[in-house]
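The next block holds one structure in the form of structure tokens; read it before the comments.
Numbering (our numbering), first residue to last: 1171 to 1419.
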């Protein structure tokens, strides 16, 4: 307690005995802090840019000569985007208990990826934690830039494809059936291409809701598959092999 007060550069003006029991309102156990993690509260994982900023801030504080506990204590009060203060409080508590930073981060795998934790562990073992944190910050910054480029490159094609699908759907479901009524009164044999078009028009006009359900179902299945490790691995492998995406990466 005395060390923590000294590190925060505070001067106590009054000390009172509380019977040796810590107040439950001021002291949180590691489990209590961990229970406030984003996953348990329904929060999403931090963005790549937020994780990069958080890592660089921690590296800068350590490079300035602050001890790890002091740096984490300062990080609690620093706005770090997607990393909640409760997670930093949990890291600080675990480090004060004598655990390594990598072991403390392993309890928050929903915030810190496995590669991140392993790199921090290697930095602790080699005595180069600051350099490792800087490299991690650079890595996630580059990853965020690549991700932004990919999204920017796909926004316009996705918009054009979506708009084209809507126009085709409206044309096949509403406009084309009205034109086909003209051929109904004619006693002529329609070409094969026109007959196919008429059949498609009749199908869309009668089963348009089924088409929407099938599209939604396919989208749900793809999202579920690619959210799993095997699906993400296949998606990443495809991204590295795809001509356009390969050039960006």
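By construction, the Cβ of each residue, glycine as well, lies at the ideal position given by its N, Cα and C atoms.
Going along the chain, which residues of its own chain have a beta-carbon closer than 8 Å to the beta-carbon of residue 1399, five neighbours each way excluded?
-> none
Buried or exposed (CB count within 10 angstroms, at least 16 for buried), residue 1288 | exposed
With DSSP as the reference, label residue 1223 as helix, strand or coil.
-> helix
So residue 1274 packs on residue 1265, CB below 8 Å; how close in whole Å?
-> 6 Å
Minimum C-alpha distance to residue 1377 - residue among 1404, 1342, 1281 = That would be 1342, whose Cα lies nearest to the Cα of residue 1377.
Are the segment 1372-1387 and the segment 1335-1349 in contact at 8 Å, needing three or more beta carbon pairs?
-> yes
CB residue 1242 to CB residue 1300, shorter than 8 Å?
-> no
Presumed contact (8 Å Cβ cut-off) between residue 1291 and residue 1252, rounded CB distance = Going by Cβ atoms, the distance from residue 1291 to residue 1252 rounds to 22 Å, so no, they are not a contact pair.
Between the C-alpha atoms of residue 1331 and residue 1297, what's the straight-line distance to the nearest angstrom?
-> 52 Å
For the alpha helix (DSSP H) holding residue 1305, just list the boundary residues, first then last.
-> 1299-1340
Limits of the unbroken alpha helix (DSSP H) element including residue 1129 | In the structure as shown, the chain starts at 1171 and stops at 1419, and residue 1129 therefore has no counterpart that could be examined.
Looking at the unbroken alpha helix (DSSP H) that takes in residue 1263, where does it start and where does it end?
-> 1255-1266
Would you identify the three-state DSSP class for residue 1237, choosing helix, strand or coil?
-> coil
Can you give the beta carbon distance from residue 1328 to residue 1222, rounded, assuming they're within the 8 Å contact cut?
-> Their Cβ separation, rounded to whole angstroms, is 26 Å, which puts residue 1328 and residue 1222 out of contact at 8 Å.
Of the listed residues 1238, 1316, 1386, 1302, nearest to residue 1267 (C-alpha basis) = Ranking the options by Cα distance to residue 1267, first place goes to 1238.
So the alpha helix (DSSP H) residue 1395 belongs to, where does it begin and stop?
-> 1362-1396
Starting from residue 1274 and walking both ways along the alpha helix (DSSP H), at which residues does that stretch end?
-> 1271-1276
Confirm, please, whether the CB-CB distance from residue 1272 to residue 1294 is below 8 Å.
-> yes
For residue 1224, count neighbouring Cβ atoms within 10 angstroms of its own Cβ and tell me buried if that reaches 16, exposed if not.
-> Around the beta carbon of residue 1224, 16 or more other beta carbons sit within 10 angstroms, so the residue counts as buried.
In whole angstroms, what is the alpha-carbon distance linking residue 1350 and residue 1382?
-> 23 Å
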